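Step one of this worksheet: look at the structure below.
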Amino acid sequence: MNDEHSHMACESISHHAQQSFSAIADYQTEPSVLYRPALSVDGNQWCALYGEDLQSGVAGFGDTPALAMIDFNKNWNIPLRNSPSGIALAAKNAA
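Numbering-wise (our numbering), the sequence shown opens with residue 107 and increments by one.
Spelled out as structure tokens, the structure:
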């Protein structure tokens with residue numbers, strides 16, 4: 107391997123390492139990582155719940171714990187239905 111190939115290999119390794127660090131950093135900011143919802147089985151699905159109950163907390167459901175956490179992360183960013191943002195979202199979806 108000559109110097110040019112060595113340099114290209116180092117650049118490639120560095121690029122992949124930076125991508126890996128970025129992916130890890132992104133993962134560490136997911137709501138399911140930050141808030142660690144409780145996992146339980148609810149009927150035939152897993153439930154990830156942050157809060158006292160479904161009415162006052164945030165939940166996600168899925169066939170696996172991972173899918174429940176993904177659904178939880180999605181639901182974390184959904185506004186309450188009767189909030190100004192929730193009403194605007196409902197109107198947008200109805201149109």
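All C-beta atoms in this analysis are idealised placements derived from N, C-alpha and C, irrespective of residue type, glycine included. Bear in mind that the values here come from a model prediction, so they are computed numbers and not experimental data.
Query, Result
"Where leucine 145 falls: helix, strand or coil (DSSP)", "strand"
"Spatial neighbours of proline 137 in its chain, beta-carbon cut-off 6 Å, leaving aside the 5 residues before and after", "Asn179 and Trp182"
"Alpha-carbon spacing of valine 164 relative to serine 191, whole angstroms", "17 Å"
"Rounded separation between tryptophan 152 and isoleucine 184 - CA only", "20 Å"
"Tyrosine 141 vs tyrosine 156 beta-carbon contact at 8 Å", "yes"
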